[in-house]
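These notes concern the structure reproduced below.
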Amino acid sequence: MRIVFVRHAEAVERTEGIPDEGRYLTPDGRFLFRKTAKTMRDEGLDPNLILTSPYLRAVQTADILAEKLSYVGSLLAMKELAPGFDRDALTQVILSYRPVKELVIVGHEPDLSTVISSLLSLPEGFLLEKGAALKLSVDPDNLDSQASFKWMAVGRKLITSEKKLVS
């Protein structure tokens, strides 16, 4: 199974008038994520399913990605992908959607970096930037085995070497 982890794009700052789950993307965040989504499309990303945190900024990021990819499936918002997402929640997602070949998960920090670091056995210090995406391959029959890094997209930049993730 191939999984693409996407950190939501830049959102407005927290204020008293906007609850955390209602924070929305900034114009810069939308603009820059469209570049990332184009890079992902150019790499041939063709997901069977896009799952997203129910928080507005993640849903908006997932929607931009779906538009750029001409994705016609459903965007499924899952409370399990809200802040607090961890490796156990990922295991449940993988088991629930086992037949899916290519899955996109849109979520938050520091959760995504922690899960990715665990899957790839990365040293401390890895951080998935706002609006970035990282693709890896996992064995759904052996979720304890190390995942295989494919690429990371940040805007128009594509990183294909796992060694460049933490530097």
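For reference, each letter of the sequence shown is one residue, going 6 to 172 in the working numbering.
Where is the CB? At the ideal position from N, CA and C, for every residue including glycine.
Being a predicted model, the structure only gives us computed values, none of them experimental.
Review point. Going by C-alpha distance, which of Glu72, Val143, Thr119 and Met157 is nearest Ala137?
Key: Within the sequence shown, residue 137 is the residue found at index 132, counting from 1. Closest by alpha carbon: Met157.
Review point. Can you tell me the Cα-Cα spacing of Asn53 and Leu108, whole angstroms?
Key: Taking the first residue of the sequence shown as 1, we reach residue 53 at position 48. Taking the first residue of the sequence shown as 1, we reach residue 108 at position 103. Taking the straight line from one Cα to the other gives about 6 Å.
Point to revise | Contiguous alpha helix (DSSP H) assignments of at least 4 residues, all confined to the segment 98-131 | key: 116-125
Check your understanding: Of the choices Lys168, Thr96 and Glu26, whose alpha-carbon is the least far from that of Gln65?
Key -> Within the sequence shown, numbered from 1, the residue matching residue 65 stands at position 60. Answer by Cα proximity: Glu26.
**Study point:** Beta-carbon contacts of Asp144 that lie in its chain and below 6 Å, excluding the five residues immediately before and after
**Key:** Within the sequence shown, numbered from 1, the residue matching residue 144 stands at position 139. Around Asp144: Ser150.
Exercise for review: With distances taken Cα to Cα, identify the nearest neighbour of Lys178 among Leu50, Arg35, Thr41 and Pro24.
Suggested key: What is shown of the chain runs 6 to 172, which leaves residue 178 out entirely.
Check your understanding: Pick from Phe10, Glu21 and Leu100: whose alpha carbon is nearest that of Leu50?
Key -> Residue mapping note: residue 50 aligns to position 45 of the sequence shown, counting from 1. For the residues Phe10, Glu21 and Leu100, the minimum Cα distance to Leu50 belongs to Phe10.
Check your understanding: In three-state terms, what does DSSP make of Lys155?
Key -> As a first step, residue 155 is located in the sequence shown; it is residue number 150 there, counting from the start. Of the three classes helix, strand and coil, the one that applies to Lys155 here is strand, per DSSP.
Practice item. Kindly indicate which three-state DSSP category Lys135 falls into: helix, strand or coil? Key: Within the sequence shown, residue 135 is the residue found at index 130, counting from 1. DSSP places Lys135 in coil when its eight states are reduced to three.
Check your understanding: Based on the DSSP secondary-structure assignment, which residues constitute the bridge partners of Thr20?
Key -> In the sequence shown, residue 20 corresponds to position 15, counting from 1. DSSP output for Thr20 lists Ile23 as bridge partner(s).
Review point. Exposed or buried, Val120, counting other C-beta atoms within 10 Å across all chains shown (16 or more means buried)?
Key: Position 115 of the sequence shown, counting from 1, holds the residue named residue 120. Result: buried.
Review point. Among all the DSSP beta bridges, which residues are the ones paired with Ile8?
Key: The sequence position of residue 8 within the sequence shown is 3, counting from 1. Partner(s): Leu108 and Leu141.
Review point. Taking contact to mean at least 3 C-beta pairs separated by less than 8 Å, is the segment 75-90 in contact with the segment 57-64?
Key: yes
Check your understanding: Does the segment 123-141 come close enough to the segment 32-47 to have 3 or more Cβ pairs within less than 8 Å?
Key -> yes
Check your understanding: Whose CA, out of Asp68, Val111, Val171 and Val105, lies closest to the CA of Gly130?
Key -> Taking the first residue of the sequence shown as position 1, residue 130 is located at position 125. When only C-alpha atoms are compared, the closest one is Val171.
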